[in-house]
Amino acid sequence: MVAMAEALHWHASGRVLDCSARTLVMGVLNVTPDSFSDGGRFLDPDLAVAHASRMVADGADIVDVGGESTRPGAEPVTAEEERRRVVSVIERIAAEHPRLAISIDTRKSEVAAAALEAGACIVNDVSAGRDPEMFAVAREAGAGLVLMHMLGDPRTMQEAPRYDDVVAEVKEYLRERIEAAEFAGIEPQALCVDPGIGFGKNLEHNLALLKRLDAFADLGRPVLVGPSRKRFIGAILDLPQDERVEGTAGAVAWAIAHGAHVVRVHDVKQIVRAARVVDAIARAEA
Ligand code: HH2
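With the numbering used here as the guide, the letters of the sequence shown map in order to residues 127 to 412.
Here's what the structure looks like:
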């Protein structure tokens, strides 16, 4: 279990997100036709904005807007199409919720730049800066940046992923990406790390990463975890993705107790409630 003492702050375009007081909940908003769980539901901008408002009312600290699915086997989309899907939605959410932190889930610097301009303050990059311009875009905006581990790319990442020691290798990768981001001039306080549950990992790998999540604490940055409705939960429970909320809550509770500072989820209302209870236990005087 993780000691709760140290204050950890996440800087994002002039905002400071306190990652020590309680777990931050990042709600997922996929403006895509093909995301594994909510694909096609929020392509209509009115529905997307309404869903963001719902998540804010339910207690989301961050809303993560994505215009490209990164589910296993997903086909890439052009930057133009991705931008078209997200920019006006971000503008409208930012106008309605000026205090909300909005993140853009993208691997493309061009999309990140447009989203930051539209009102996002965090770039959630599942490729951890493979686009050579990504670090410069994040640095210039002073944006927060999520560096996530992914093996290969979404089209092929689930084709027999293999590691000798998944925890050590993912951690080493994240350490290297932190160094690369800092070398590119990004302030350390802007960075957040994510082991990338389901991104080039089989069931055993995902379980090992969650079990040993506390190993990521000494990277010195907030740890984000995204287990929501994912395949490993379906494999354990033998349930379809729309029946994985309890399994997600179980994974989230474990993750918080073992060092997660931010959890990325679809079911904000239920997971906020679960997180608050775990937070209270974790911070109890005992
Ligand atoms: N998972 C997904 C997408 N983005 N970002 C971070 N930082 N961590 C994650 O675990 C993560 C992520 C996949 O989930 P979802 O957005 O629901 O699906 P899709 O990629 O099909 O849109």
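Built from N, CA and C at the ideal position, the CB exists for glycine as well.
Owing to the predicted nature of the structure, the values given are computational and were not obtained by experimental measurement.
Within the present structure, is the beta-carbon of residue i separated from the nearest heavy atom of the ligand HH2 by less than 6 Å?
i, result
"N250", "yes"
"S214", "no"
"N156", "yes"
"M276", "no"
"I323", "yes"
"S253", "no"
"F162", "yes"
"A195", "Checking the displayed sequence, the identity of residue 195 turns out to be Ser instead of Ala. Yes."
"G199", "no"
"R390", "yes"
"G270", "no"
"G360", "no"
"G352", "yes"
"D124", "It is not possible to answer for residue 124, since the shown part of the chain is limited to 127 through 412."
"P231", "Before going on, a small fix: residue 231 reads as Asp here, not Pro. Indeed, a heavy atom of the ligand HH2 lies less than 6 Å from the Cβ."
Where does the unbroken alpha helix (DSSP H) through residue i begin, and where does it stop?
i, result
"A379", "V371 to A383"
"I228", "Taken as a continuous stretch (DSSP letters only), I228 belongs to no alpha helix (DSSP H), being part of the beta strand (DSSP E) at A227 to D231."
"R357", "R357 to L363"
"Q396", "V394 to R409"
"A241", "S235 to A244"
"V212", "A205 to E222"
Where do the N-terminal and C-terminal ends of the beta strand (DSSP E) with residue i fall, by residue?
i, result
"N250", "I248 to D251"
"D144", "R141 to D144"
"A133", "Premise fails: A133 is in no beta strand (DSSP E) and is neither H nor E."
"V154", "L150 to N156"
Which partner residues of residue i appear in the DSSP bridge assignment?
i, result
"L350", "V388"
"A138", "R141"
Kindly examine the ligand GDP and report whether one of its heavy atoms sits closer than 6 Å to the Cβ of residue i.
i, result
"H387", "Ligands present in the displayed structure are limited to the ligand HH2, and the ligand GDP is not among them."
#### Entry: Unbroken stretches of the alpha helix (DSSP H), 4 residues or longer, contained in the stretch 171-199
171-183
### Message
For a minimum of 4 consecutive residues, which ranges assigned as the alpha helix (DSSP H) are wholly contained in the stretch 268-346?
### Response
292-309 and 329-337
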